[in-house]
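*Asks:* When we follow our numbering, the leftmost residue of the sequence shown carries the number 16, and every step to the right adds one.
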Amino acid sequence: TEFGLSGKSFDPPEMPPASLTQGDDFVVTPTRWSKARLVDYGFEADKVLVVPHGYKTDTFFPMTPEQRQAARAALGMQPHETVFSNVGVATWNKGIDLLLLAFAELRLQGLPVRLILKDHQGLYGIGVERLFAELATRAPALNAPQVRDGISILSTSLNLPQLRSLYALSDAYVSPYRAEGFNLPVLEAMGCGTHVIVSGGGATDDFTPPELCHRLHSRPGTAADAPQPVGAFVVPDLDDLREAMLQVVEQRLTPAPRREAARQRLAQRFSWGTVTKQLLDLM
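(1) What number of angstroms, rounded off, separates the C-alpha of Thr-219 from the C-alpha of Leu-181?
(2) Just the C-alpha distance for Ala-156 and Arg-257, rounded to the nearest angstrom, thanks.
(3) Roughly how many angstroms separate the alpha carbons of Leu-295 and Asp-186, rounded to a whole number?
(4) Exposed or buried, Lys-50, counting other C-beta atoms within 10 Å across all chains shown (16 or more means buried)?
(5) When we look at the beta-carbon of Asp-112 and count the other beta-carbons within 10 Å, is it buried (16 or more) or exposed?
(6) If we count Cβ pairs, one from each stretch, closer than 8 Å, do we get three or more for the stretch 284-291 versus the stretch 62-73?
(7) Less than 6 Å between C-beta atoms, sequence neighbours within five positions excluded: which residues of the same chain meet that for Ala-89?
(8) Is Met-30 near the ligand SAM, with its Cβ less than 7 Å from a heavy atom?
(9) Reducing DSSP to helix, strand and coil, say where Leu-113 ends up.
(10) Counting only the same chain and skipping the five closest in sequence on each side, list residues whose C-beta sits under 8 Å from that of Gly-165.
(11) Under the DSSP definition of a beta bridge, which residues are partnered with Asn-101?
(12) How about Thr-106 and Leu-53: do their beta carbons lie closer than 8 Å?
(13) Answer yes or no: do Leu-199 and Val-211 have a C-beta to C-beta separation smaller than 8 Å?
(14) Between Trp-48 and Gly-217, what straight-line distance do the alpha-carbon atoms span, to the nearest angstrom?
(15) Do the stretch 76-85 and the stretch 231-238 touch if we need at least three Cβ pairs shorter than 8 Å?
(16) Taking all protein chains shown into account, do 16 or more other C-beta atoms lie within 10 angstroms of the C-beta of Thr-152, making it buried, or fewer, making it exposed?
(17) So, helix, strand or coil for Thr-152, using DSSP?
(18) With a cut-off of 8 Å on the beta carbons, I'd call Ser-214 and Val-249 a contact; round off their distance for me.
(19) How would you label Ala-277, buried or exposed, when you count the other beta carbons within 10 angstroms and need 16 or more for buried?
(20) Kindly provide the ranges of any beta strand (DSSP E) runs that are 3 or more residues long and lie completely inside the stretch 60-93, ordered along the chain.
(21) I believe Gly-110 touches Tyr-192 by the beta-carbon criterion, under 8 Å. Please report the beta-carbon distance rounded to the nearest angstrom.
(22) Would you call Asp-255 buried or exposed, if buried means 16 or more other Cβ atoms sit within 10 Å of its Cβ?
(23) Are Leu-116 and Leu-261 closer than 8 Å when you measure CB to CB?
(24) Is Ser-170 buried or exposed, if buried means 16 or more other CB atoms sit within 10 Å of its CB?
(25) Could you work out which residue in Asp-221, Val-43 and Arg-87 is closest to Lys-62 when comparing CA atoms only?
(26) State the beta-bridge partners of Arg-230 as determined by DSSP.
(27) So, for Ser-167: in the same chain, excluding its five sequence neighbours on each side, which residues have a beta-carbon less than 6 Å away from its beta-carbon?
(28) Which residue or residues does DSSP assign as beta-bridge partners of Leu-169?
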């Protein structure tokens, strides 16, 4: 439901939304954004209930300083470097093109920044290198050695402990998405105590406390903003993205005690136990 629904979402395609919510039946969706897309399609608003996703709080929690230093060193990250990461697929809605553009600007300014991306060529047939090729004309500086040398691409599958390590060693998880139904990596990264940079006005508005995140200035997308016809999306501001990343480099973030208190509240609110209880209460 990141962009919205169409007849292709159902079998048969002509199935009316009302037929799925007769009597006591209702639809559960994880964010207000995804609820709005269901209502746009024709579902009755009072028949669409929002219950968020949860995350594994026993897996995604902060590393000790010693563990974090070792994890960074294992990937060749120097202590003075600021590390950004994103594990999303390189599709248009994820906004990784915007992340690359902002990162390149910081790198070309001589700032000690690094970027870790996850390649999904094996799983989805969508690789990061394809994105570099698509951006070559628009931003030739992306292929400059000074920029490419700062980007690490993980091509292997990650298990949950490895994913937790990636989140926790990062100084910020950056997701300048255009459309998401939920965006679970953002929640998991915050669970690890990692600062996140996300688009404002989208699905993550439901679960990103200000102590742990920067919400990018964004505006509603129009047909002129999209490479092909899509549904609803937002357009995050590239200048604000660059500034938000610079704030991380300069360590202009919420003080650690307030961040940790926010993380603990997040773990209580979005544990799978808490979320499952919300689902059971609906039955």
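For glycine and all other residues, C-beta sits at the position ideal for the given N, C-alpha and C.
If you're wondering where the values come from, they're calculated on a predicted model, not measured in any experiment.
*Replies:* The short version:
(1) Position 204 of the sequence shown, counted from the start, is the residue given in the question as residue 219. Position 166 of the sequence shown, counted from the start, is the residue given in the question as residue 181. Roughly 20 Å between the two C-alpha positions.
(2) By one-based count along the sequence shown, residue 156 stands at place 141. By one-based count along the sequence shown, residue 257 stands at place 242. Cα to Cα, Ala-156 sits roughly 16 Å from Arg-257.
(3) In the sequence shown, residue 295 corresponds to position 280, counting from 1. In the sequence shown, residue 186 corresponds to position 171, counting from 1. Spanning the two alpha carbons is a distance of roughly 37 Å.
(4) Indexing the sequence shown from 1 puts residue 50 at position 35. Its Cβ being crowded by 16 or more others within 10 Å, Lys-50 is buried.
(5) As a working note, residue 112 is residue 97 in the sequence shown. It counts as buried.
(6) yes
(7) For the purposes of this step, residue 89 is taken as residue 74 along the sequence shown, with counting starting at 1. Within the same chain, Ala-89 has no close Cβ partners at all.
(8) Ligands are entirely absent from the displayed structure, and the ligand SAM is therefore not among its contents.
(9) In the sequence shown, counting from the first residue as 1, residue 113 sits at position 98. It is helical.
(10) Here residue 165 refers to the residue found at position 150 of the sequence shown. Hits under 8 Å: Phe-118, Arg-122, Val-128, Arg-129 and Leu-130.
(11) The residue given as residue 101 occupies position 86 in the sequence shown. In DSSP, Asn-101 forms a bridge with Leu-132.
(12) Residue 106 sits at position 91 when you count from the first residue of the sequence shown. Residue 53 sits at position 38 when you count from the first residue of the sequence shown. Cβ atoms of Thr-106 and Leu-53: not closer than 8 Å.
(13) For the purposes of this step, residue 199 is identified with residue 184 of the sequence shown, where counting begins at 1. For the purposes of this step, residue 211 is identified with residue 196 of the sequence shown, where counting begins at 1. Against a cut-off of 8 Å, the Cβ pair of Val-211 and Leu-199 comes out as no contact.
(14) On the sequence shown, position 33 is the one that residue 48 refers to. On the sequence shown, position 202 is the one that residue 217 refers to. Distance between the alpha carbons of Trp-48 and Gly-217: 6 Å.
(15) no
(16) Within the sequence shown, the letter at position 137 stands for residue 152. So Thr-152 ends up on the exposed side.
(17) Position 137 of the sequence shown, counting from 1, holds the residue named residue 152. Coil at Thr-152, not helix or strand.
(18) Counting from 1 along the sequence shown, the entry for residue 214 is found at position 199. Counting from 1 along the sequence shown, the entry for residue 249 is found at position 234. Sure, about 5 Å apart at Cβ, within 8 Å.
(19) Residue mapping note: residue 277 aligns to position 262 of the sequence shown, counting from 1. So Ala-277 counts as buried.
(20) 63-65
(21) As a first step, residue 110 is located in the sequence shown; it is residue number 95 there, counting from the start. As a first step, residue 192 is located in the sequence shown; it is residue number 177 there, counting from the start. Their Cβ separation, rounded to whole angstroms, is 5 Å, which keeps Gly-110 and Tyr-192 in contact under 8 Å.
(22) Translated into positions along the sequence shown, residue 255 becomes position 240. With 16 or more Cβ atoms within 10 Å of its Cβ, Asp-255 is classed as buried.
(23) As a working mapping, residue 116 is identified with position 101 in the sequence shown. As a working mapping, residue 261 is identified with position 246 in the sequence shown. No; because the gap between Cβ atoms is not below 8 Å, this pair is not in contact.
(24) Sequence index remark: in the sequence shown, residue 170 carries index 155 (1-based). So Ser-170 counts as exposed.
(25) Taking the sequence shown and counting its residues from 1, the one referred to as residue 62 is at position 47. Checking every option, the nearest Cα to that of Lys-62 belongs to Val-43.
(26) Here residue 230 refers to the residue found at position 215 when the sequence shown is read from its first residue. According to DSSP, Arg-230 bridges with Val-213.
(27) Translated into positions along the sequence shown, residue 167 becomes position 152. Cβ neighbours of Ser-167 beyond the five flanking positions: Ile-131.
(28) For the purposes of this step, residue 169 is taken as residue 154 along the sequence shown, with counting starting at 1. Answer is Lys-133, bridged to Leu-169.
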